[in-house]
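Notes follow the structure.
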Amino acid sequence: MFNKKNYLSYYKKMYLKNRNARIKKKFIFLFIFVMFTSVFVLLSFFVKTEEMYTMDLSETENVVNQAVSLKKKKLRTDFTNWNKSCDWNLTLVNNVNEMPSYFCPKLKQYGDVEVDERIFISLNEMLQEAAKNNIRLWASSGFRSEERQKQLFDRDFLENLKQNKNKEDAYNLSLKKISLPGRSEHSTGLAVDFNAVGEEFCATKEYAWLVENSANYGFILRYPKDKEEITGRAFEPAHFRYVGEDSAQVIKMKNLCLEEYISSLMK
Ligand SMILES: [Zn+2]
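The following block contains the structure:
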């Protein structure tokens, strides 16, 4: 007999059964959704890490490949055309290559000296890291005007003359130590001398630290001992030059001087 009471209890039972089924369905759907999302997120994370790793690897490979091909190129001495089209940080100024007239350093005060503002952050980071490691470094010379450069050259030249050198010898001796006005890297604002010292600097832990770490901040030892013939300059352990991190790493890795490195980049 189908009475109202039975019908209600039947209806209630069926309703609850359906509702439970609906909730169960919802949970299953939610579970599948969460699983899919998690798998997707995890996969994209791994792919990204892999991509980053591949990128790092190929960047390192590029640096190594670039370094390997360097030795095959011949050494150049005239960098006039190079300077016209190169990046600012790779401008080459030496005893025979004048500072290009269009190269205008944008100067910014750093301690007691002025440097090109584009190297300011790297220089500052390098010296702060040095200080953290108990390495005492300070910039004793940065940008120099042509007048200042002339004063330095003339003073050294006169000093050599006083030591009974003839004019030519005195001049050549000065040329090995000090650049002529207009041919000094210090006119670019990209070179820095540290700690106001001479060759004795090479025996210090400060020098050792710079040789080891300066490339990480884009700086190179500009006048190395074993490259005097090429740079035309005597070993100057306290003179560092900003070239940018990538170039600095290659130069360090392959033990090159700037003249050799730029030669290898020229067509
Ligand atoms: Zn210098």
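For reference, each letter of the sequence shown is one residue, going 807 to 1073 in my numbering. Ideal Cβ placement from N, Cα and C applies to all residues, glycine included.
Q | Beta-carbon contacts of arginine 1028 that lie in its chain and below 6 Å, excluding the five residues immediately before and after | A | His1045, Arg1047
Q) Around the Cβ of asparagine 826, are there at least 16 other Cβ atoms within 10 angstroms (buried) or fewer (exposed)? A) exposed
Q) For glutamine 799, which residues does DSSP report across the bridge? A) Because the chain spans 807 through 1073 in this model, residue 799 falls outside it and cannot be assessed.
Q.
By the DSSP assignment, the beta strand (DSSP E) with isoleucine 1026 in it spans what residues?
A. 1025-1027
Q: Could you tell me whether any non-hydrogen atom of ligand 1 is closer than 7 Å to the CB of glutamate 1034?
A: no
Q: State the beta-bridge partners of arginine 1047 as determined by DSSP.
A: Ala997, Ile1026
Q: Kindly examine ligand 1 and report whether one of its heavy atoms sits closer than 7 Å to the Cβ of glutamate 1042.
A: yes
Q: May I ask which residues mark the beginning and end of the beta strand (DSSP E) holding serine 1069?
A: Segment 1064-1071 is the alpha helix (DSSP H) holding serine 1069; no beta strand (DSSP E) there.
Q. Should methionine 858 be labelled buried (16 or more other beta-carbon atoms within 10 Å of its own) or exposed?
A. Bear in mind that a pLDDT of 46 at methionine 858, under 50, signals an unreliable position, so the model cannot answer this.
Q. What residue range is occupied by the uninterrupted beta strand (DSSP E) comprising alanine 976?
A. That residue, alanine 976, is in no beta strand (DSSP E); its alpha helix (DSSP H) goes 973-983.
Q.
Here's the rule: buried if 16 or more other CB atoms are within 10 angstroms of the residue's CB, otherwise exposed. What is tyrosine 908?
A. exposed
Q.
On the CB-based measure, 16 or more other CB atoms within 10 Å of its CB, does arginine 989 come out buried or exposed?
A. buried
Q. Buried or exposed: which applies to alanine 936, given that a residue is buried once 16 or more other Cβ atoms fall within 10 Å of its Cβ?
A. buried
**Q.** The beta strand (DSSP E) enclosing alanine 945, as first and last residue numbers
**A.** 945-947
Q. Would glutamate 856 be called buried (16 or more neighbouring beta carbons within 10 Å of its own) or exposed?
A. Its pLDDT being 46, under 50, glutamate 856 is placed unreliably in this model, and the value from its coordinates should be taken loosely. So glutamate 856 ends up on the exposed side.
Q. Just the residues with CB closer than 5 Å to a heavy atom of ligand 1, in chain order, which are they?
A. Asp999, His1045
Q. Does the beta-carbon of methionine 861 have 16 or more other beta-carbons within 10 angstroms, so that it is buried, or is it exposed?
A. Confidence at methionine 861 is low in this model, with a pLDDT of 43, below 50, so its placement is unreliable and the value that follows should be read with caution. When all chains shown are included, methionine 861 counts as exposed.
**Q.** Helix, strand or coil at alanine 966 according to DSSP, with G and I counted as helix
**A.** Note on identity: in this sequence residue 966 is asparagine, with alanine being the wrong assignment. Asparagine 966 falls in the helix class under three-state DSSP.
Q. Using CA coordinates, which residue listed in Val1003, Ser980, Tyr1023, Ser815 is at the minimum distance from phenylalanine 959?
A. Ser980
(Q) Distance check for serine 985 and valine 899, CA to CA, integer angstroms please. (A) 10 Å
**Q.** Among Pro1030, Pro1043, Glu1051, the one whose alpha carbon lies nearest that of glutamate 1066
**A.** Pro1030
Q: For asparagine 903, name the three-state secondary structure that DSSP assigns.
A: strand
Q) So what does DSSP say about leucine 881, is it helix, strand or coil? A) coil
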